[in-house]
Every structure is written in C-alpha cells, then in structure tokens.
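Trainee:
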Amino acid sequence: MKIFMLAEYFHPFAHGGSEWSVYYLAQALIQQGHKVIVLSPNYGTKTREVWEGLTISRFWFPLKIDPQQPKSLSPFWINNLLFFGLVVINIIRLLKTEEIDVIHVQSKSMLPGAILVKWLTGTPVVVTLRDYFLLCPYGACLTKDRNYRSCDVKYLLTKELPEYYKDYVINPIWWKKAFHFMAAVNARITSFVLRWFLKFADRVICISLKEQLIFEQNGITNTRMIYNLFSEPKAASRRTNEQNILFVGRLTPGKGFDLFLEACRGLTSEKTLRIQIIGDGFLKNLMTSQKDKHRQIILLGQIPHAQTLEYLAQAQVVVVPSRWEEPFGRTALEALMLGVPVVVTNRGGLPEIVTDQRTGYIVEPTISDLKRAIGLALKHNGVLRKQILVDMPKLSHIFYTRPLLQHVSLYKELCYPKSNQ
Numbered sequence: 002m003k004i005f006m007l008a009e010y011f012h013p014f015a016h017g018g019s020e021w022s023v024y025y026l027a028q029a030l031i032q033q034g035h036k037v038i039v040l041s042p043n044y045g046t047k048t049r050e051v052w053e054g055l056t057i058s059r060f061w062f063p064l065k066i067d068p069q070q071p072k073s074l075s076p077f078w079i080n081n082l083l084f085f086g087l088v089v090i091n092i093i094r095l096l097k098t099e100e101i102d103v104i105h106v107q108s109k110s111m112l113p114g115a116i117l118v119k120w121l122t123g124t125p126v127v128v129t130l131r132d133y134f135l136l137c138p139y140g141a142c143l144t145k146d147r148n149y150r151s152c153d154v155k156y157l158l159t160k161e162l163p164e165y166y167k168d169y170v171i172n173p174i175w176w177k178k179a180f181h182f183m184a185a186v187n188a189r190i191t192s193f194v195l196r197w198f199l200k201f202a203d204r205v206i207c208i209s210l211k212e213q214l215i216f217e218q219n220g221i222t223n224t225r226m227i228y229n230l231f232s233e234p235k236a237a238s239r240r241t242n243e244q245n246i247l248f249v250g251r252l253t254p255g256k257g258f259d260l261f262l263e264a265c266r267g268l269t270s271e272k273t274l275r276i277q278i279i280g281d282g283f284l285k286n287l288m289t290s291q292k293d294k295h296r297q298i299i300l301l302g303q304i305p306h307a308q309t310l311e312y313l314a315q316a317q318v319v320v321v322p323s324r325w326e327e328p329f330g331r332t333a334l335e336a337l338m339l340g341v342p343v344v345v346t347n348r349g350g351l352p353e354i355v356t357d358q359r360t361g362y363i364v365e366p367t368i369s370d371l372k373r374a375i376g377l378a379l380k381h382n383g384v385l386r387k388q389i390l391v392d393m394p395k396l397s398h399i400f401y402t403r404p405l406l407q408h409v410s411l412y413k414e415l416c417y418p419k420s421n422q
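Residues 2 to 422, numbered by our numbering, are exactly what the sequence shown covers, in order.
#1: Between which two residues does the alpha helix (DSSP H) containing residue 163 stretch?
#2: Here's the rule: buried if 16 or more other CB atoms are within 10 angstroms of the residue's CB, otherwise exposed. What is residue 56?
#3: Quick check: what's the CA-CA separation for residue 62 versus residue 352?
#4: Decide if residue 410 is buried, meaning its Cβ has at least 16 other Cβ atoms within 10 Å, or exposed.
#5: Looking at the structure shown, is residue 244 part of a helix, part of a strand, or coil, going by DSSP?
#6: Inspect the beta-carbon positions of residue 135 and residue 199 and report whether they are closer than 8 Å.
#7: Assuming residue 283 and residue 401 form a contact by the criterion Cβ under 8 Å, report the distance between their Cβ atoms to the nearest whole angstrom.
#8: CA-CA distance, residue 183 and residue 286?
#9: Buried or exposed for residue 103, going by 16 or more other Cβ atoms inside 10 Å?
#10: Residue 361 by DSSP, collapsed to three states: which one?
#11: Let me know the secondary structure DSSP gives residue 173 once reduced to three states.
#12: Put residue 192 into one of helix, strand or coil per three-state DSSP.
#13: Does the stretch 353 to 370 come within contact of the stretch 307 to 317, defined as at least 3 CB pairs closer than 8 Å?
#14: For residue 36, which of helix, strand or coil comes out of DSSP?
#15: Do residue 142 and residue 165 have their C-beta atoms within less than 8 Å of each other?
#16: Determine, using beta carbons only, whether residue 318 and residue 363 come nearer to each other than 8 Å.
#17: Can you name the residues that DSSP bridges to residue 41?
#18: Note down the Cα distance separating residue 423 from residue 219, rounded to an integer number of angstroms.
#19: Tell me whether the beta-carbon of residue 31 lies closer than 8 Å to the beta-carbon of residue 37.
#20: Measure the C-alpha to C-alpha separation of residue 254 and residue 418 and round it to an integer number of angstroms.
#21: Quick one: is residue 101 buried, meaning 16 or more other Cβ sit within 10 Å of its Cβ, or exposed?
#22: Would DSSP call residue 395 helix, strand or coil?
#23: Residues in the same chain with beta-carbon distance under 8 Å from residue 395, minus the five sequence neighbours each way, listed in chain order, please.
#24: Which residues bound the beta strand (DSSP E) around residue 300?
#25: Contact between the stretch 7 to 24 and the stretch 316 to 336 is defined here as three or more beta-carbon pairs at a separation below 8 Å; is this criterion met?
#26: What are the start and end residues of the beta strand (DSSP E) that includes residue 6?
#27: Helix, strand or coil, according to DSSP, for residue 116 in the structure here?
#28: On a Cα-Cα basis, can you pick out the residue from 225, 231, 244 and 264 that is closest to residue 398?
#29: Leaving aside the five residues before and after residue 392 along the sequence, list all residues of the same chain whose C-beta is less than 8 Å from its C-beta, in chain order.
#30: So residue 246 and residue 214 are supposed to be a Cβ contact under 8 Å. How far apart are they, rounded?
#31: Rounding to the nearest angstrom, what Cα-Cα distance links residue 340 and residue 320 in this structure?
#32: Looking only at DSSP bridge pairs, what is residue 402 linked to?
#33: In angstroms, rounded to a whole number, what distance separates the CA positions of residue 388 and residue 209?
#34: Quick one: residues in its chain with C-beta nearer than 8 Å to the C-beta of residue 43, no 5 flanking neighbours on either side, listed in chain order?
#35: Sort out for me which residues DSSP pairs residue 104 with in a bridge.
#36: Please report the straight-line C-alpha distance between residue 412 and residue 179, rounded to a whole angstrom.
What follows is the structure, given as structure tokens:
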C-alpha cells in the first residue's frame, strides 16, 4: 500500500514526541514493504528527499526554522485558511504523480485540507489525535473532577485563562493579558472548526485508552485505540557509577517540572547523584535558581532526538511528573525499551506504559510522592531493570508489533472494504 502522512513538523524540524511517533510508524510500515510519503511545510531545506527509505515532500512556507534548534511556530501561522489551502493544493499535486491508497493525518492543522481532498477525490482519511486541542485549547479542564468534560467558552475565559496567566505568563500586564485573551478566543474558534471537519474522517485513532475515554466523554465515539510504537527494543542500557535522574520535556507546570525540581531537592546531598534536564521552557529560570544551590543539576537544553536516546540509556531513573492528562507518554516508553526504570504520575496514558513496582512507580503528581518514588527507584534499580528485561517481549508486542498490525489492518479495511466484509 501507499500511505500518505500529513505532519506539521517532520525531519529535520522534528522537535517533539509526536513527530518521532510518526517517524517510527513510517519506518515500521516501510520495513513491511509499504511505501510512505510524508507531506510537511518546508521550513528551510530540500523540497523533496528520500531519507532512510522514507519519501518526504515539503511545500512552500513563509517562515523558516533552524533545524539544529527546531521549535513550534505560533498556531496563527498554521490554523488559517491560507494554510488549509496550501495543504489541499499540495496533496492534489502529489496525487497526480502518486497513486495514494490512504491519507493519514498526523497533525490537527492538516485535517481540513485532507477532508477537502477526500471530498474531491474520494481518498479515505485516517486521523490520529495526539492532543486535546479539538476539545479545549488548554486542556486544564479535562480532569477527573470534571469527569473529563471539556469546558464551554465562559469557563475557558473566566476559569482556565486566569489560571493560564498565573502559571504560564511571566509578568501578566494588561497587554499580555489582552493578547492571550484574543489568542484563546481564536483557538476556541479553531478547535470548533477542526472538530467539525473531524466528523468526516473515515477513522479516528486515539493513542491511549485514557485519551480515548476523554474523547468519548465529549461525544467523539468513532475512535480506535492504537498505541504509538517505538523501534524494536535495543539492548538494555549500561549502568554507570553515577546516579543520573533524567527529566525530558517542556519546562512547564503542565509537565510537572517544578514538582520534579522540588522532589529532587532533598536527594542532591548524594555526591554521586546528577539531575539531568533535557528541554526548554519558561520555567528555566526556576531551574537556574536551583542550580545555584545544587551543582549536580545539569541543563542540557533542547538536543537532537538521537542524543536524547543516549541520555535516556545512561540514566538510572527517568521521571515523567506530568500534571495534565498525557495523551500517551513517549519518554516513558523510550526509557523502558532501553531498560531504564521510570517514575510517572497517574495522569493520562502514563499508567498504561509502566507497571507499578515492577518496571517503575506510578504516583500522584505531588512532591512527596515523587520524592519517595525516585528514592525507591534508585534503591531498587537493579531489581527493576531485571524485571524490565523479563517484560521486554511483552513490551515489544504491545508497543511495536500490535500497533503496526493494527495500522495495517485499518488501512486495508479502508482501501479494500469489500474484502473485509
């Protein structure tokens, strides 16, 4: 089959877990003999190339990004009619030269263009939901206390936006508040538009059971749960003499970065302990103030994915302290597949990846719980690693073999509907 994937960002501009999830799926499909083409905006490189057997086609885009330090652009640039039109034009252009069996939308901003092409050509469309933007621009309302129901406009502007000012806006003076107010209104309108287009997708994929539950609680029920996949397991990581506690992600409250720093505060008395941090965000200043007190804290910044995997493999413990409902939790999966114990919070899809007290620890997103779990993970590190090795075939099946087969089955179901009846 020929699968056409649409992504807002892709190599060499991949900056997060979503882009690498697309990469690993594409590579697995190619190894099975399928052809994969990825369409993405051109942020400043070749228009077309074949990279690791994967065909990448890029269309004109006015802004450029440094591939050495890839980052997300403002949503204003990709959630507008001009961008949707560019997607349509370039999909149709490729359809003239390629016989595509199915379009797989991997990024929400590509959804309208894909649906418009479906109406014009009849090409089936699959959509993978990788965040909760279609329900709420911020997602803070999607909590257990609210039964995971998304907020209305009033709640968004009177409850969520003030919390956003407090947690994410440095020095929230009036013009900053005005800007974020307009951004929130625009994002809400955009989420309504994207959700309307979602109704016309042939299949919708959620990447964890919790994400699927949250979307179902909000009326989106035509979903299938298929986990993200990771490459086939490598050899277990080599232990080092030093104890490395690793955090990978955005340095924000939603990712629990402040909780992580506070939880590590009492652990830094150990001379062999190092706290390594990969990522960037506005809470970097908080990290800097802590670094003055604790020399073991090392900020590595935003680094290439291959280098991130090296640090994951060398870590003693990887911590994912998220407050918000993680749609999946790629960092936790990558660590486990490299043989490294993980401490995660009981948010979103994270508990679906880690087996509590066997491959790591699952805790509440509190300083005390995280601190206790990190200490236990260091103390019982050897035992946890042995149990991860025992569970590796199971992990490989759940997060590689089965998701690959499920994707192929879904594509065939759409491409050859009569043979599946």
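Glycine included, every Cβ here is placed at the ideal spot set by N, Cα and C.
Mentor: According to the data block:
#1: Along the sequence shown, read from residue 1 onward, the residue named residue 163 stands at position 162. That run of the alpha helix (DSSP H) goes 162 to 169.
#2: Taking the sequence shown and counting its residues from 1, the one referred to as residue 56 is at position 55. With a threshold of 16 other beta carbon atoms within 10 Å, residue 56 meets it and is buried.
#3: Here residue 62 refers to the residue found at position 61 when the sequence shown is read from its first residue. Here residue 352 refers to the residue found at position 351 when the sequence shown is read from its first residue. Approximately 39 Å between the Cα atoms of the pair.
#4: Translated into the one-based positions of the sequence shown, residue 410 becomes position 409. Looking at its Cβ environment, which holds fewer than 16 other Cβ atoms inside 10 Å, residue 410 is exposed.
#5: Along the sequence shown, read from residue 1 onward, the residue named residue 244 stands at position 243. Strand.
#6: Start at 1 with the first residue of the sequence shown, and residue 135 comes out as number 134. Start at 1 with the first residue of the sequence shown, and residue 199 comes out as number 198. Yes.
#7: Taking the sequence shown and counting its residues from 1, one reaches residue 283 at position 282. Taking the sequence shown and counting its residues from 1, one reaches residue 401 at position 400. Approximately 35 Å separates the beta-carbon atoms of residue 283 and residue 401; this is outside 8 Å, ruling out the contact.
#8: Position 182 of the sequence shown, counting from 1, holds the residue named residue 183. Position 285 of the sequence shown, counting from 1, holds the residue named residue 286. Taking the straight line joining both Cα atoms gives about 27 Å.
#9: Translated into the one-based positions of the sequence shown, residue 103 becomes position 102. Buried.
#10: Translated into the one-based positions of the sequence shown, residue 361 becomes position 360. In this structure, residue 361 counts as strand in the three-state DSSP scheme.
#11: Position 172 of the sequence shown, counted from the first residue, corresponds to residue 173. Taken through DSSP and simplified to helix, strand or coil, residue 173 comes out as coil.
#12: As a working mapping, residue 192 is identified with position 191 in the sequence shown. Secondary structure at residue 192: helix, using DSSP grouped into helix, strand and coil.
#13: Touching, no.
#14: Position 35 of the sequence shown, counting from 1, holds the residue named residue 36. Strand, per DSSP.
#15: Counting from one through the sequence shown, the residue named residue 142 turns up at place 141. Counting from one through the sequence shown, the residue named residue 165 turns up at place 164. Against a cut-off of 8 Å, the Cβ pair of residue 165 and residue 142 comes out as no contact.
#16: Position 317 of the sequence shown, counted from the start, is the residue given in the question as residue 318. Position 362 of the sequence shown, counted from the start, is the residue given in the question as residue 363. No.
#17: Residue 41 sits at position 40 when you count from the first residue of the sequence shown. Listed as beta-bridge partners of residue 41 by DSSP are 59.
#18: With the chain represented from 2 up to 422, any question about residue 423 goes unanswered, as that position is not in the structure.
#19: Position 30 of the sequence shown, counted from the start, is the residue given in the question as residue 31. Position 36 of the sequence shown, counted from the start, is the residue given in the question as residue 37. Yes, these two residues count as a Cβ contact at 8 Å.
#20: Within the sequence shown, residue 254 is the residue found at index 253, counting from 1. Within the sequence shown, residue 418 is the residue found at index 417, counting from 1. Looking at the backbone, the Cα of residue 254 and that of residue 418 are separated by about 46 Å.
#21: As a first step, residue 101 is located in the sequence shown; it is residue number 100 there, counting from the start. Residue 101 should be labelled buried.
#22: Against the sequence shown, residue 395 aligns to sequence position 394. DSSP places residue 395 in helix when its eight states are reduced to three.
#23: In the sequence shown, the residue the question calls residue 395 occupies position 394. Cβ neighbours of residue 395 beyond the five flanking positions: none.
#24: Mapped onto the sequence shown, residue 300 falls at position 299. For residue 300, the enclosing beta strand (DSSP E) covers residues 298 to 302.
#25: Here the stretch 7 to 24 makes contact with the stretch 316 to 336; the two share three or more CB pairs at distances below 8 Å.
#26: Indexing the sequence shown from 1 puts residue 6 at position 5. Its beta strand (DSSP E) spans residues 3 to 7.
#27: By 1-based counting over the sequence shown, the position of residue 116 is 115. Correct three-state label for residue 116: helix.
#28: Taking the sequence shown and counting its residues from 1, one reaches residue 398 at position 397. Looking at the Cα atoms, 231 is the closest of the given residues.
#29: Position 391 of the sequence shown, counting from 1, holds the residue named residue 392. For residue 392, where only same-chain residues beyond five positions count, the Cβ hits under 8 Å are 356, 359 and 360.
#30: One-based indexing of the sequence shown puts residue 246 at position 245. One-based indexing of the sequence shown puts residue 214 at position 213. So it is not a contact: roughly 31 Å between Cβ atoms.
#31: Taking the first residue of the sequence shown as position 1, residue 340 is located at position 339. Taking the first residue of the sequence shown as position 1, residue 320 is located at position 319. Answer to the nearest angstrom: the Cα atoms are 14 Å apart.
#32: Translated into the one-based positions of the sequence shown, residue 402 becomes position 401. Answer is none; residue 402 lacks a bridge partner.
#33: As a working note, residue 388 is residue 387 in the sequence shown. As a working note, residue 209 is residue 208 in the sequence shown. Computed Cα separation, rounded: 23 Å.
#34: As a first step, residue 43 must be located in the sequence shown, where it is residue number 42. Counting only Cβ-Cβ distances below 8 Å, and skipping sequence neighbours, we find 59, 60, 61 and 62.
#35: Here residue 104 is taken as the residue at index 103 of the sequence shown, counted from 1. Residue 104 is bridged to 5 and 126.
#36: Numbered from 1 along the sequence shown, position 411 holds the residue referred to as residue 412. Numbered from 1 along the sequence shown, position 178 holds the residue referred to as residue 179. When rounded, the distance between both Cα atoms is 45 Å.
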